[in-house]
Amino acid sequence: MLTLNEVKSSWVKTNSNDLDAQITGWISTATRKIKSMCRQPILQESVDFTFIGNDRQVRLAHITTALGNISNVAFRVSPFDTWQNQPTIDFAKFDVEGVWYFYREGYFESSYMWKVTTTAGWVIGDVPLDIKTVCGEMIYQLFKESPYATDQRVLGVTQIQKTQGGPGSIVVTTTFQDMIPRWEQMLEPYTIVTA
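Residues in the sequence shown are numbered from 5 upward in steps of one, following the numbering used here.
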């Protein structure tokens with residue numbers, strides 16, 4: 005979602021290469037978390053969509069990220085049968101207002117289980133800004149919780165209260181908010197609700 009250079013220049017603010025392996029690990033962690041929260045691939049990967057036919061020409065793909073060309077289609081009668089490949093020329097994909105569907109020249113018979121193989125997700129340069137922002141904030145928080153951070157600035161500070169205690173003592177109380185609800189709200193347009 006974010007490149008190493010983007011994280012180093014915009015989120016962690018370092019020119020050193022000493023943290024490259026750690027930052028790459030944080031990028032992977034944030035990417036996995038966002039994919040889990042959205043319940044769909046975010047970065048391009050090969051995906052098998054399996055479903056029972058609906059006796060119609062159109063079948064909802066249950067995905068809102070980019071969908072690539074169909075590379076394979078197969079069907080089987082029962083879960084114990086082997087998949088029977090079909091010519092992909094009779095199949096297509098299309099989207100309606102960002103929701104993807106599969107199309108078959110005939111129809112998706114309800115007596116079969118279908119498997120459509122394609123790529124799903126965006127190339128890194130096309131990932132929406134909201135998703136990149138959530139990724140950056142997750143990485144920033146991982147950085148600030150690590151021993152590599154040199155200051156105490158963290159995300160989600162809602163209140164800092166300083167009070168003077170007894171002679172010569174100051175008590176500092178810091179309150180943080182949970183960032184997960186904020187991230188869920190930002191990712192909501194990219195989250196699959198039903199499967």
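Glycine included, C-beta positions come from ideal geometry on N, C-alpha and C.
Open item on the list: If you reduce the DSSP assignment to three classes, tell me which class Thr-195 lands in.
Closed with: Reading the sequence shown from its first residue, position 191 is the one you call residue 195. Coil.
Task: Alpha carbon of Thr-28 to alpha carbon of Asp-94, nearest angstrom - done: The sequence position of residue 28 within the sequence shown is 24, counting from 1. The sequence position of residue 94 within the sequence shown is 90, counting from 1. If I take the Cα positions, the gap works out to 41 Å.
Open item on the list: Taking 6 Å as the limit between beta carbons, can you name the residues of its chain near Glu-109, skipping five residues before and five after?
Closed with: Here residue 109 refers to the residue found at position 105 of the sequence shown. The residues are Asp-94.
Open item on the list: Give me the residue from Gln-145, Arg-63, Gly-57 and Cys-139 with the minimum Cα distance to Arg-80.
Closed with: Taking the sequence shown and counting its residues from 1, the one referred to as residue 80 is at position 76. Ranking Gln-145, Arg-63, Gly-57 and Cys-139 by Cα distance to Arg-80 puts Gly-57 first.
Open item on the list: Can you tell me whether Ser-14 is helix, strand or coil according to DSSP?
Closed with: In the sequence shown, the residue the question calls residue 14 occupies position 10. Helix.
Open item on the list: Along the chain, where does the beta strand (DSSP E) containing Ala-78 start, and where does it finish?
Closed with: Residue numbering aside, residue 78 sits at position 74 when the sequence shown is read from its first letter. It spans 71-80 - the beta strand (DSSP E) in which Ala-78 sits, taken as one unbroken run.
- [ ] Check each candidate in Trp-30, Ser-114, Asp-99 and Arg-186 and name the one with the smallest Cα separation from Phe-55.
- [x] By 1-based counting over the sequence shown, the position of residue 55 is 51. Considering only alpha carbons, the answer is Ser-114.
Open item on the list: Taking 9 Å as the threshold (C-beta atoms), are Ile-67 and Gln-203 in contact?
Closed with: Past the boundaries of the shown model lies residue 203; the chain is included only from 5 to 199, so the question cannot be answered.
TODO: Confirm, please, whether the CB-CB distance from Leu-23 to Tyr-152 is below 9 Å.
DONE: Your numbering for residue 152 matches position 148 in the sequence shown. Your numbering for residue 23 matches position 19 in the sequence shown. Cβ atoms of Tyr-152 and Leu-23: closer than 9 Å.
Task: Alpha-carbon spacing of Ala-78 relative to Val-131, whole angstroms - done: Indexing the sequence shown from 1 puts residue 78 at position 74. Indexing the sequence shown from 1 puts residue 131 at position 127. The alpha-carbon atoms of Ala-78 and Val-131 are separated by roughly 30 Å.
TODO: Give me whichever residues DSSP pairs with Ser-20 in a beta bridge.
DONE: Along the sequence shown, one-based indexing puts residue 20 at 16. In the DSSP output, where bridge partners are listed per residue, Ser-20 has none listed.
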